[in-house]
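Enquirer: Quick note: to get the working numbering, add 42 to the position in the sequence shown (first position is 1).
Starting off with a structure, shown below.
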Amino acid sequence: MNGAKYVILKCMKLIHLGGVMKKIIIIGCPGSGKSTFARSLSAKTGLPVYYLDMIYHKPDRTTVTREEFDEKLSEIINKDQWIIDGNYMRTMSVRIDNADTIFWLDYPVEICLQGIGERFGKPRPDMPWVEVEYDSEFIKFIKEFNTESKPKILSLLNATQGKQIHIFKSRQEQDDFINNI
43 MNGAKYVILK
53 CMKLIHLGGV
63 MKKIIIIGCP
73 GSGKSTFARS
83 LSAKTGLPVY
93 YLDMIYHKPD
103 RTTVTREEFD
113 EKLSEIINKD
123 QWIIDGNYMR
133 TMSVRIDNAD
143 TIFWLDYPVE
153 ICLQGIGERF
163 GKPRPDMPWV
173 EVEYDSEFIK
183 FIKEFNTESK
193 PKILSLLNAT
203 QGKQIHIFKS
213 RQEQDDFINN
223 I
């Protein structure tokens, strides 16, 4: 095992044993597996998970108002412990400021598109409806994620200090992290 990997794995165990991870955000392209990772992390840490998609979307595919969303997010952020799953760029800086740990699932577009396809027809705890077909606007967003959203995320993370930041480049890295807690 190379030195960097050893340090990362050792830190993962220290974080978990020391109880440092109490306020976590998980970000990444849609289809990267944020919600699956959030559930796995919650199972290992006991922290409650909040899905931004469940806060924003209603079962009839309408959305809550900006004020309703912000109020609910504020209630969550003011809790002692949480895992918040979702991007929602407009509120990302607030979540980063209040988190102690950030996970970014930074995967290739192809992996994310595959992840979207794999969830068709399956009920999910992170979405109030079952997706059954591709949405062209959503697919366009995913295909443009690395050119449109990634630079903004990088800028926010580069300006962040005093946080644990974990960037996974593959699902194997994500799985290794969970398995080593």
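For glycine and all other residues, C-beta sits at the position ideal for the given N, C-alpha and C.
Source: prediction; values computed, not measured.
Where does K211 fall in DSSP's three states?
Expert: Working through the sequence shown from its first residue, we reach residue 211 at position 169. Coil at K211, not helix or strand.
Enquirer: Report the three-state DSSP secondary structure of T65 (helix, strand or coil).
Expert: For this step, residue 65 is matched to residue 23 along the sequence shown. Position check: residue 65 holds Lys in this sequence, whereas Thr was assumed. Correct three-state label for K65: strand.
Enquirer: Run the CB neighbour count on V78, radius 10 Å, all protein chains shown included, and call it buried at 16 or more, exposed below.
Expert: Position 36 of the sequence shown, counted from the first residue, corresponds to residue 78. Reading off the sequence shown, one finds Thr at residue 78, where the question assumed Val. Per the 10 Å Cβ criterion, buried.
Enquirer: For Y149, name the three-state secondary structure that DSSP assigns.
Expert: As a position in the sequence shown, residue 149 is number 107, starting the count at 1. Correct three-state label for Y149: coil.
Enquirer: I'd like the list of long-range same chain contacts for G204, defined as Cβ closer than 7 Å, with 5 residues on each side in sequence excluded.
Expert: Taking the first residue of the sequence shown as position 1, residue 204 is located at position 162. Correct list: empty, nothing qualifies.
Enquirer: I'd like to know if the stretch 99-112 and the stretch 172-183 are in contact, where contact means that at least 3 CB-CB pairs between them fall below 8 Å.
Expert: no
Enquirer: Would DSSP call A46 helix, strand or coil?
Expert: Along the sequence shown, one-based indexing puts residue 46 at 4. Since pLDDT at A46 reaches only 34, below the 50 mark, its modelled position is unreliable, and no value is offered.
Enquirer: Compute the distance between the beta-carbons of G70 and L147, then report whether it is under 8 Å.
Expert: Here the question's residue 70 lines up with position 28 in the sequence shown. Here the question's residue 147 lines up with position 105 in the sequence shown. In this structure, the beta-carbon distance from G70 to L147 falls below 8 Å.
Enquirer: Among the residues of its own chain, which have a CB less than 6 Å from the CB of I209, if the five just before and after it don't count?
Expert: On the sequence shown, position 167 is the one that residue 209 refers to. For I209, where only same-chain residues beyond five positions count, the Cβ hits under 6 Å are W146, D148.
Enquirer: Indicate the three-state DSSP secondary structure (helix, strand or coil) for Y98 in the structure shown.
Expert: As a position in the sequence shown, residue 98 is number 56, starting the count at 1. Helix at Y98.
Enquirer: On the DSSP bridge assignment, give the partners of T143 in chain order.
Expert: Sequence index remark: in the sequence shown, residue 143 carries index 101 (1-based). The partner list for T143 (beta bridge, DSSP) reads I66, Q206.
Enquirer: Taking K211 as the reference, which of E152, N222, K65 has the closest Cα?
Expert: Locating residue 211 in the sequence shown gives position 169, where the first residue counts as 1. Among E152, N222, K65, the Cα nearest to that of K211 is on E152.
Enquirer: Whose CA, out of P193, V172, K194, lies closest to the CA of M96?
Expert: As a working mapping, residue 96 is identified with position 54 in the sequence shown. With respect to the C-alpha of M96, the residue from P193, V172, K194 having the closest C-alpha is V172.
Enquirer: In the structure shown, what three-state DSSP assignment does D127 receive?
Expert: Taking the first residue of the sequence shown as position 1, residue 127 is located at position 85. Strand.
Enquirer: Determine the contact status of G73 and I144, defining contact as a CB-CB distance below 8 Å.
Expert: Residue mapping note: residue 73 aligns to position 31 of the sequence shown, counting from 1. Residue mapping note: residue 144 aligns to position 102 of the sequence shown, counting from 1. Cβ distance not < 8 Å, so G73 and I144 don't count as in contact.
Enquirer: Helix, strand or coil for T189, going by three-state DSSP, please let me know.
Expert: Residue 189 sits at position 147 when you count from the first residue of the sequence shown. Looking at T189 - three-state DSSP - the assignment turns out to be helix.
Enquirer: With a cut-off of 8 Å on the beta carbons, I'd call K65 and D142 a contact; round off their distance for me.
Expert: The residue given as residue 65 occupies position 23 in the sequence shown. The residue given as residue 142 occupies position 100 in the sequence shown. Rounded, the Cβ-Cβ distance is 5 Å, consistent with contact.
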